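Numbering (our numbering) for the sequence shown: 56 to 424.
Glycine included, C-beta positions come from ideal geometry on N, C-alpha and C.
Note that this is a predicted model, so its numbers are computed, not measured.
Working notes, structure below.
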Amino acid sequence: MTLPQHLQTGHHERLMESIQDPVNLKYLRRFMTDFAKDPASITDKQATWLYDQGFLPEKIELYDFDTYDIALYLSDVQRWMTREVNGEYSIVFNNKILFTQVFRNFCKVAPITAIWRNGRIIPYDDVWEKCVTGQLEEPRKFVIKPLGGGGGGNVYFVQVGRKSAVIESNEVGRERFTLPVERLADVFIGAKVPFMVTEFIYQGEFTKRLYPLTVNTVRMLVVRDPETLLPHVVRTVQRMGTASSYPIDNFSLGGLSAEIDIETGVLGPAVAAAGPHKGPRWEYHPNTGEPIAGQVVPNWSAVVEGMKSLFLQVPYISYCGFDLILMDDDVVVLEGNSYSQVRLFQMHRPLLPDPVYVKVLKHNGIFQQ
Numbered sequence: 056m057t058l059p060q061h062l063q064t065g066h067h068e069r070l071m072e073s074i075q076d077p078v079n080l081k082y083l084r085r086f087m088t089d090f091a092k093d094p095a096s097i098t099d100k101q102a103t104w105l106y107d108q109g110f111l112p113e114k115i116e117l118y119d120f121d122t123y124d125i126a127l128y129l130s131d132v133q134r135w136m137t138r139e140v141n142g143e144y145s146i147v148f149n150n151k152i153l154f155t156q157v158f159r160n161f162c163k164v165a166p167i168t169a170i171w172r173n174g175r176i177i178p179y180d181d182v183w184e185k186c187v188t189g190q191l192e193e194p195r196k197f198v199i200k201p202l203g204g205g206g207g208g209n210v211y212f213v214q215v216g217r218k219s220a221v222i223e224s225n226e227v228g229r230e231r232f233t234l235p236v237e238r239l240a241d242v243f244i245g246a247k248v249p250f251m252v253t254e255f256i257y258q259g260e261f262t263k264r265l266y267p268l269t270v271n272t273v274r275m276l277v278v279r280d281p282e283t284l285l286p287h288v289v290r291t292v293q294r295m296g297t298a299s300s301y302p303i304d305n306f307s308l309g310g311l312s313a314e315i316d317i318e319t320g321v322l323g324p325a326v327a328a329a330g331p332h333k334g335p336r337w338e339y340h341p342n343t344g345e346p347i348a349g350q351v352v353p354n355w356s357a358v359v360e361g362m363k364s365l366f367l368q369v370p371y372i373s374y375c376g377f378d379l380i381l382m383d384d385d386v387v388v389l390e391g392n393s394y395s396q397v398r399l400f401q402m403h404r405p406l407l408p409d410p411v412y413v414k415v416l417k418h419n420g421i422f423q424q
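Rendered as structure tokens:
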């Protein structure tokens, strides 16, 4: 593929050679550590080629370098450098409580029920007390996840009745277990980080149909044009859970990603970065047979315009990968990622053909022409 005018061959190498400031040197050292640990099998020639341009070995399998020039892809080093784009306001994304408290003023979010930290529960209302004393009028479902941002960590889905709670998680050895309601806090035994408890959000019929056993979220990468200050949607994908990723749709744990056409809302085929479904492009869900490619996200233009409007209301944010739950008649903004993972985007096609996106990178010192 011919490079567009806003890109030049060799820009990745020039960026790697130019990194000197302490902050970006920290990310370069992180890259070097990750590169050494990457288990992908590559030749010495491939290793040199990837390293010199800031890509981890895994990308030799995940990205289509036969079709697209490597200069069209955002590198792993560049992705880490995007962590600085929001400056001091990155804290909004790095703490899920703060994210919820800020964004609930502008959009629908998952309400917080309680926080667990320093070995104790801090309730936000009377719901947690009703849970652990068996006073719920009807069963309720909650999500328990780490308080910090940046992905990772165990996630628990908790169905609470009057006498017991059924918990499902992605924690090895604790995939499904039951606790008496008065011992519900035992779910945090062994936890080394703070957790938050939020209400479970029920997704709409469209995303539920794709794979009904997980909540299937949309990741939308939005940036602010440094010249016009207007929001720009760079890329969107629909994530889907699988039997491998259950009970979550996590792309790194075997879930699927299908690109959503920003203009039409039409889904393309899905791909996986890990697990048994890695390799093929899936036009139908590998577990359920449900069609993926060609499906149209309902009310898509309203979703896109709604997220642009949200971005305009938070003018100090310049870069975010939003996770969205699409309901039948609304959208819940689940969380934001200040340095969004990009594999789930670039396994479909590279990001740098987008000139506005490159403009943002240049403005923030993440691109060397």
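For residue 361, the uninterrupted alpha helix (DSSP H) run begins and ends at 355 to 368, by DSSP. Ranked by Cα distance from residue 386, the options 401, 348, 395 and 262 are led by 262. Partner residues in the beta bridge of residue 376, as assigned by DSSP, are 276 and 392. In the pairwise beta carbon analysis, the region 355 to 362 is classified as touching the region 372 to 391: at least three pairs are separated by under 8 Å. Take residue 394, set aside five residues on each side of it, and the residues of its chain with a beta-carbon closer than 6 Å to its own are 137 and 138, in chain order. Annotation: residue 290 to residue 416 spans about 15 Å, alpha carbon to alpha carbon.
Cβ neighbours of residue 368 within its own chain (closer than 6 Å, five residues either side excluded): 161.
By the Cβ-count criterion, residue 72 is exposed, with fewer than 16 other Cβ atoms from all chains shown falling within 10 Å of its own Cβ. Residues of the same chain with a CB within less than 7 Å of the CB of residue 214, apart from the 5 flanking positions on each side, are 194, 196, 220 and 221 in chain order. Shown here, residue 187 sits in a helix according to DSSP, grouped into three states. The alpha-carbon separation between residue 356 and residue 319 amounts to approximately 8 Å. Counting only the Cα atoms, residue 240 lies some 24 Å from residue 154. For the region 56 to 89, the full-length alpha helix (DSSP H) segments reaching 4 residues or more read 66 to 73 along the chain.
Shown here for residue 140: same chain residues with a beta carbon closer than 7 Å to its own, the five before and five after excluded, namely 373, 374 and 419 in chain order. With fewer than 16 other beta carbons inside 10 angstroms of its own, residue 107 counts as exposed. DSSP places residue 265 inside the alpha helix (DSSP H), whose first and last residues are 260 to 265.
Boundaries of the beta strand (DSSP E) harbouring residue 211: 211 to 215, taken from the DSSP string.
In terms of Cα proximity to residue 173, the closest of 236, 245 and 133 is 245.
For residue 238, there is no enclosing alpha helix (DSSP H), as DSSP marks it with neither H nor E.
Distance from the CA of residue 152 to the CA of residue 103, rounded to the nearest whole angstrom, comes to 42 Å. The alpha-carbon of residue 93 is positioned some 7 Å away from that of residue 113. With respect to residue 200, residue 251 sits close: the two C-beta atoms are nearer than 8 Å. According to DSSP, residue pairing for residue 295 in a beta bridge involves 311. Residue 424 sits exposed, since fewer than 16 C-beta atoms from the chains shown fall within 10 Å of its C-beta. Here residue 251 carries a strand assignment [DSSP, helix/strand/coil].
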